[in-house]
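Here this note's numbering is used: the first residue of the sequence shown is 695, the next is one more, and so on.
Remarks on the structure that follows.
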Amino acid sequence: MSLIIGLPCGIGLFMLAEPVIALLYASIGPEKHASSGALLEILSIGVIFLTMVQAFTAILQSINKQFHPVKNLAIGLVVKVILSYILIGIPSVNIRGAAISTTVSYLVVAGLNLVDINKTKIKINLVQISSRTLLSSAAMALATAVSFMVLKSVLRSQNLAVLGSIAIAAVVYGICLLLTGAITKEDLELIPKGEKLARFVRK
C-alpha cells in the first residue's frame with residue numbers, strides 16, 4: 695500500500711516538477727521555476743524511498759526491533775552530511791548536492807531497514823510486490839507526459855494543463871492498478887471506508 699501511494703507521487707512530481715513549482719510559486723519568475731524544478735526532480739525520487747522508510751520502520755517496530763530503524767536513520771544522517779559536504783562544494787553541483795544527499799540517505803535507510811526485516815521471520819520480496827505497481831506507474835507517467843503536452847497546446851495555460859494532467863494521470867493509474875491486479879480487496883480495506891470502495895470496484 696505504501697508503494698501504491700508513494701510511487702505515483704514520486705514519479706508524478708518528477709514528471710511535472712517545474713510546472714508544479716510554477717503553479718504554486720508563480721511570483722518567483724521563470725528562472726527560479728527552472729532551478730527549483732531541478733531540485734524537486736531529485737527530491738521527488740526521495741519521496742519513494744521515504745515512503746519505504748516509513749513502512750519498513752513500522753514493520754520493525756511492530757516486531758520489537760525498535761532500535762534498528764534508529765540505528766539506520768543515524769547511518770543515513772552520516773551519509774547525508776558527508777555527501778552534502780562533498781557535493782555542495784563542487785561548483786557544477788552546488789545546491790543540488792543537498793537534494794542528492796537527501797535522496798541517497800533515504801535510499802540507504804530504506805535498504806538497511808529492508809535488510810534488517812529480511813533477517814527476521816518476515817521476508818519481503820521487493821521486486822515481487824512492486825512489479826505491478828511499477829508497471830501501473832509507468833503507464834501513468836506516459837499518460838502524464840502526453841496529456842500535459844496536449845492540454846498545454848489546447849488550453850494555452852500551463853497551470854490548467856498541470857491540473858488536467860494530474861487528474862488524467864490519477865484515473866489512468868487507478869485503472870491500471872485494477873487491470874494489473876496490483877491492488878487487492880484486502881489492500882482497499884486498509885483505506886478508510888475501503889469496504890465500500892471494494893464493493894464498488896467489484897461491480
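Where a beta carbon is used, it is the ideal one built from N, C-alpha and C, also for glycine.
Practice item. Could you work out which residue in Leu829, Lys879, Phe842 and Lys890 is closest to tyrosine 867 when comparing CA atoms only? Key: The shortest Cα separation from tyrosine 867 among Leu829, Lys879, Phe842 and Lys890 belongs to Leu829.
Check your understanding: What distance in whole Å lies between the Cβ atoms of isoleucine 816 and leucine 808, which are believed to be in contact at a cut-off of 8 angstroms?
Key -> With a Cβ gap of about 10 angstroms, leucine 808 and isoleucine 816 do not count as contacting.
Review point. Which runs of the alpha helix (DSSP H) spanning at least 4 residues fall entirely within the stretch 750-801, listed in chain order?
Key: 761-782, all fully within the stretch 750-801.
Review point. Sorted by chain position, which residues of the same chain lie with C-beta nearer than 6 angstroms to alanine 716's C-beta, five sequence neighbours on each side aside?
Key: Contacts found: His727.
Review point. Using the C-alpha atoms, what's the distance from tyrosine 779 back to leucine 801?
Key: Cα-Cα distance, rounded: 18 angstroms.
Check your understanding: Measuring from the CB of alanine 835, is there a heavy atom of the ligand NAP at a distance below 7 angstroms?
Key -> The model on display carries no ligand, and the ligand NAP is accordingly not part of it.
Practice item. Ignore the nearest five residues each way along the sequence and tell me which others in asparagine 812's own chain have a CB closer than 8 angstroms to its CB. Key: Residues of the same chain with a CB within less than 8 angstroms of the CB of asparagine 812, apart from the 5 flanking positions on each side, are Ile818 in chain order.
**Study point:** Contacting residues, own chain, Cβ-Cβ under 7 angstroms from leucine 767 (five flanking each side not counted)
**Key:** Taking leucine 767 as the centre and dropping the five residues before and after it, the same chain places the C-beta of Val803 closer than 7 angstroms to its C-beta, in chain order.
Practice item. Give me the Cα-Cα distance between tyrosine 719 and glycine 700, rounded to the nearest whole angstrom. Key: Taking the straight line joining both Cα atoms gives about 24 angstroms.
Review point. Short check: CB of isoleucine 742 to CB of glycine 704, under 8 angstroms?
Key: Between isoleucine 742 and glycine 704, the CB-CB gap stays under 8 angstroms.
Check your understanding: Along the chain, where does the alpha helix (DSSP H) that runs through methionine 843 open and close?
Key -> Bounds of the alpha helix (DSSP H) holding methionine 843 are 820-849.
**Study point:** Beta-carbon proximity check, isoleucine 794 vs leucine 806, cutoff 8 angstroms
**Key:** The answer is no: Cβ separation not under 8 angstroms.
Check your understanding: Should valine 821 go down as buried or exposed, given a rule of 16 or more other Cβ atoms within 10 Å for buried?
Key -> Exposed, because fewer than 16 other Cβ atoms sit within 10 Å of the Cβ of valine 821.
Exercise for review: Report the option in Leu882, Ser831 and Arg826 whose CA atom is closest to the CA atom of threonine 874.
Suggested key: For the options Leu882, Ser831 and Arg826, the alpha carbon positioned closest to that of threonine 874 is the one of Arg826.
Exercise for review: Decide if leucine 777 is buried, meaning its Cβ has at least 16 other Cβ atoms within 10 Å, or exposed.
Suggested key: So leucine 777 ends up on the buried side.
Check your understanding: Which ranges would you report for the beta strand (DSSP E) in the stretch 707-747 if only whole runs of at least 3 residues count?
Key -> Qualifying beta strand (DSSP E) stretches: none in this window.
Check your understanding: Does the Cβ of lysine 774 have 16 or more other Cβ atoms within 10 Å, making it buried, or fewer, making it exposed?
Key -> Burial call: buried.
Exercise for review: Starting from the Cα of leucine 857, find the closest Cα among Leu697, Cys870, Met695 and Pro713 and give me that residue.
Suggested key: The candidate whose alpha carbon is nearest that of leucine 857 is Pro713.
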